[in-house]
Amino acid sequence: MPKILTIDDKMDNLVTLSALLKNLMPGCEVITAQSGLEGIAKAKAELPDVILLDVKMPDMDGFETCRRLMSDESTKQIPVIMITAVKTDQQSRIKGLEYGANAFLSKPIDEVELVSQVRVALRIKKAEDALREERDSLEKMVQERTAALREEITDRKQAEEALRESEAHYRRIT
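Okay, so the sequence shown: first residue is 178 according to my numbering, each after it adds one.
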């Protein structure tokens, strides 16, 4: 069951997005936030699978919110889809992508495109999560083998030292 965080300063937009997602993606859980700061806090606490982020918000706009999400270790792997009715120009799209967004949609939202983008983001996140798990597993295996090899080298050095001491002792008594 995917968990989707929607961040928008307008309650009407949050209600519409929530209803749309729940209708077109049955079983998904939708979490909402009405500001960038609230969204960042909820992203850290809830660790959603995807974030839908409005660009134009008071206090902290979507670009800054996205930048902060991408610079935080706990949230930087969460795909962000930026949504806007105002900043639809090419420069805004590029800025959003440069700040770490995975996609950029314009309002009014095309339902099919939104769901497609969310599903693509979910597939990419799933693949990236699997790769991270595999990397972590391989790193752990390398660490374990390195530790075992160090222990083996230490044991061998101790055995060699014991052998030298034994040979030296044997020479002294003969």
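Here a beta-carbon is modelled for each residue, glycine too, at the ideal position from N, C-alpha and C.
Here the structure is a predicted model, which is why all the values come from computation and not from measurement.
Tell whether a beta-carbon distance below 7 Å holds between residue i and residue j.
| i | j | result |
| --- | --- | --- |
| V263 | L230 | no |
| D238 | K302 | no |
| T242 | G213 | yes |
| L191 | V292 | no |
| N279 | A298 | yes |
| G277 | M247 | yes |
To the nearest angstrom, how far is it from the Cα of residue i to the Cα of residue j?
| i | j | result |
| --- | --- | --- |
| Q294 | E316 | 32 Å |
| M188 | T323 | 55 Å |
| K199 | V207 | 8 Å |
| F281 | A210 | 19 Å |
| I350 | L340 | 15 Å |
| A196 | R327 | 58 Å |
| S314 | D306 | 12 Å |
| I181 | K284 | 18 Å |
| I228 | I184 | 7 Å |
| Y347 | K334 | 20 Å |
| D249 | E337 | 50 Å |
Would you mind sorting residue i into buried or exposed? The rule is 16 or more other CB atoms within 10 Å of its CB.
| i | result |
| --- | --- |
| R245 | buried |
| I260 | buried |
| L224 | exposed |
| L194 | buried |
Identify, in the order they occur along the chain, each residue of the same chain with its Cβ nearer than 6 Å to the Cβ of residue i, setting aside the five sequence neighbours on each side.
| i | result |
| --- | --- |
| G204 | M178 |
If I measure Cβ to Cβ from residue i and keep anything under 8 Å in the same chain, skipping five residues before and after, which residues do I get?
| i | result |
| --- | --- |
| L274 | F281 |
| V232 | D238, G239, F240, M259, I260, T261, V263, K264, S269 and G273 |
Within its chain, find whatever has a CB closer than 7 Å to the CB of residue i; leave out the 5 residues flanking it on each side and keep chain order.
| i | result |
| --- | --- |
| I286 | I260 |
| K186 | Correcting the residue identity first, residue 186 is Asp in this sequence and not Lys. The residues are Q211, S212, D231, M234 and P235. |
Tell me, please, whether the CB atom of residue i is closer than 7 Å to any CB atom in chain C?
| i | result |
| --- | --- |
| D231 | Among the chains in the structure shown there is no chain C, since it carries only a single protein chain. |
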